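Q:
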Amino acid sequence: MFESFIKNWNRKRLKNKKYDFLFEEPLPNEYVSLDCETTGLNPKKDEILSIGVVKIKDNKILMRETFNIFLKPSNKIDPESIKIHHIRPIDLENGHDPEDAIYKLLDFIGSRPIVGYYIKFDVTIISKYTKKYIGVKLPNETIEVSSMYYKTRKKSSDFEFIDLKFDTILKNLNIPALGKHDALNDAIMTSMMFLKLKDLTPAKTTFYTS
1 MFESFIKNWN RKRLKNKKYD FLFEEPLPNE YVSLDCETTG LNPKKDEILS
51 IGVVKIKDNK ILMRETFNIF LKPSNKIDPE SIKIHHIRPI DLENGHDPED
101 AIYKLLDFIG SRPIVGYYIK FDVTIISKYT KKYIGVKLPN ETIEVSSMYY
151 KTRKKSSDFE FIDLKFDTIL KNLNIPALGK HDALNDAIMT SMMFLKLKDL
201 TPAKTTFYTS
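At position 5 of the sequence shown (counting the first as 1) the number is 5 in the UniProt record's numbering, and the numbers step up by one without a gap.
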C-alpha cells in the first residue's frame, strides 16, 4: 500500500506527461537488463558515459532489441577512470547530449522491471538525470542478480563468505564472458545470469528490490 502511495505521488510530480507510461503496469514476463559505465562511483558528482540495455521476454534474450548509447560528459574524463571503464575521449566525440540520451532510454525501457548487477547504483545515477529532465526518479522496479545468486548458494553457516563478484557469478553459472566489459556486453551477460538464476531461485523468493 505504501509503495502504491509513493508511486502515485511521484506520478503527480511528473513534469513531462509524455512519460506517464513509466508508471503503467508492465507487461507480464518482460524485463530489461541494464548497465551503465560512469566517470566514478559517486552518483552525486559523477556522470554517465554509456548505457547498455537488452530486452528479455518469455525467458528469451532479444538480441535484436538492444540499446547502446554514449553520453557527452560535461568535463574531461579522468585518465585514471579510463583504466576502469575503457572509454576514451575519442569514443565520446559523437556522444549524445545527456537529455536526449535519457529520453531515448526511457522510450526503450518503458515500465519494464530493470535487471542488473548492483542495479541500485545504476538506477540512482540515472535518476539524477530523470529528476532534472522529467521531475521524478526512475520509477521502475528493479531485480538484483547478485541477491538472486546469493540465495541459490548453499552455506554451511550464516557466516560463510559468498563471493559475489561479477566474473565469479559468470563462472559458477557456466556463462561465457563476452569479451571486453562494456555497458551492452555487461547487460547481456547479466540477462543470462538472470534467466539462469530465475530457474534456480525458489518460486516464493521475491526478486524485486527497492
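Ideal Cβ placement from N, Cα and C applies to all residues, glycine included.
Owing to the predicted nature of the structure, the values given are computational and were not obtained by experimental measurement.
What did DSSP end up calling Phe-161 once you bin it into helix, strand or coil?
A: Against the sequence shown, residue 161 aligns to sequence position 161. Residue state, collapsed to three classes: coil.
Q: Going by other Cβ atoms of all chains shown within 10 Å of its Cβ, with 16 needed for buried, is Glu-93 buried or exposed?
A: Start at 1 with the first residue of the sequence shown, and residue 93 comes out as number 93. Looking at its Cβ environment, which holds fewer than 16 other Cβ atoms inside 10 Å, Glu-93 is exposed.
Q: Could you check where the beta strand (DSSP E) with Leu-49 kicks off and where it finishes?
A: Here residue 49 is taken as the residue at index 49 of the sequence shown, counted from 1. Where Leu-49 is concerned, the enclosing beta strand (DSSP E) stretches over 48-57.
Q: Is the stretch 79-89 close to the stretch 108-119, with three or more CB pairs under 8 angstroms?
A: The stretch 79-89 vs the stretch 108-119: no contact.
Q: Counting contacts by CB-CB distance shorter than 8 angstroms, is Leu-92 in contact with chain D?
A: Absent from the structure is chain D; it holds one protein chain and no more.
Q: Using the beta-carbon count (16 or more within 10 Å), is Lys-171 buried or exposed?
A: The residue you call residue 171 lines up with position 171 of the sequence shown. Lys-171 is exposed by the Cβ-count criterion.
Q: Would a C-beta distance cut-off of 8 angstroms place Ser-146 and Ser-33 closer than the cut-off?
A: In the sequence shown, the residue the question calls residue 146 occupies position 146. In the sequence shown, the residue the question calls residue 33 occupies position 33. Not a contact, by the Cβ cut-off of 8 angstroms.
Q: Would you call the CB atoms of Ala-187 and Asp-35 closer than 8 angstroms?
A: Position 187 of the sequence shown, counted from the first residue, corresponds to residue 187. Position 35 of the sequence shown, counted from the first residue, corresponds to residue 35. It is a contact, given that the beta carbons lie within the stated cut-off.
Q: Among all the DSSP beta bridges, which residues are the ones paired with Ser-33?
A: Locating residue 33 in the sequence shown gives position 33, where the first residue counts as 1. BP columns for Ser-33 point to Val-54, Val-115.
Q: What is the C-beta distance between Thr-66 and Leu-184, in whole angstroms, given that I count them as a contact (C-beta under 8 angstroms)?
A: In the sequence shown, the residue the question calls residue 66 occupies position 66. In the sequence shown, the residue the question calls residue 184 occupies position 184. At roughly 6 angstroms, the Cβ-Cβ gap stays under 8 angstroms, so Thr-66 and Leu-184 are in contact.
Q: Can you grab the Cα-Cα spacing for the pair Thr-206 / Gly-179, in whole Å?
A: Here residue 206 corresponds to residue number 206 of the sequence shown, with the count starting at 1. Here residue 179 corresponds to residue number 179 of the sequence shown, with the count starting at 1. Because Thr-206 carries a pLDDT of 42, less than 50, the predicted location of this residue cannot be relied on, and the following value inherits that uncertainty. For Thr-206 and Gly-179, the distance between alpha carbons rounds to 31 angstroms.
Q: Ile-126 and Asp-46 - do their beta-carbons sit closer together than 8 angstroms?
A: Locating residue 46 in the sequence shown gives position 46, where the first residue counts as 1. Locating residue 126 in the sequence shown gives position 126, where the first residue counts as 1. No, Cβ-Cβ distance for Asp-46 and Ile-126 is not below 8 angstroms.
Q: Evaluate Lys-44 with the Cβ neighbour count: other Cβ atoms within 10 Å of its Cβ, from every protein chain shown; 16 or more gives buried, anything less gives exposed.
A: Your numbering for residue 44 matches position 44 in the sequence shown. With fewer than 16 Cβ atoms within 10 Å of its Cβ, Lys-44 is classed as exposed.
Q: Taking Cβ to Cβ, would you say Val-136 is nearer than 8 angstroms to Asn-10?
A: The sequence position of residue 136 within the sequence shown is 136, counting from 1. The sequence position of residue 10 within the sequence shown is 10, counting from 1. Their beta carbons are under 8 angstroms apart, which means Val-136 touches Asn-10 by this criterion.
Q: Less than 8 angstroms between the beta carbons of Val-53 and Phe-121, yes or no?
A: Counting from 1 along the sequence shown, the entry for residue 53 is found at position 53. Counting from 1 along the sequence shown, the entry for residue 121 is found at position 121. Result no, Cβ atoms of Val-53 and Phe-121 do not sit closer than 8 angstroms.
Q: Can you pull the DSSP bridge partners for His-96?
A: For the purposes of this step, residue 96 is taken as residue 96 along the sequence shown, with counting starting at 1. DSSP, once it has assigned bridges, lists Leu-71 as partnering His-96.
Q: Using 10 angstroms around the beta-carbon of Met-189, count the other beta-carbons present and answer buried if the total reaches 16, otherwise exposed.
A: For the purposes of this step, residue 189 is identified with residue 189 of the sequence shown, where counting begins at 1. Met-189 comes out buried.
Q: Nearest to Asn-75 by CA position, among Thr-38, Ser-156, Leu-27, Leu-14, is which residue?
A: On the sequence shown, residue 75 is found 75 positions in, with the first residue counted as 1. Of the candidates Thr-38, Ser-156, Leu-27, Leu-14, the one whose C-alpha sits nearest the C-alpha of Asn-75 is Thr-38.
Q: Could you give the residue range of the alpha helix (DSSP H) that holds Thr-190?
A: Counting from 1 along the sequence shown, the entry for residue 190 is found at position 190. Run containing Thr-190: 183-200, per the alpha helix (DSSP H) assignment.
Q: Just curious, the alpha helix (DSSP H) that Asp-91 is in, first and last residue?
A: Start at 1 with the first residue of the sequence shown, and residue 91 comes out as number 91. Asp-91 -> no alpha helix (DSSP H), and no H or E assigned at all.
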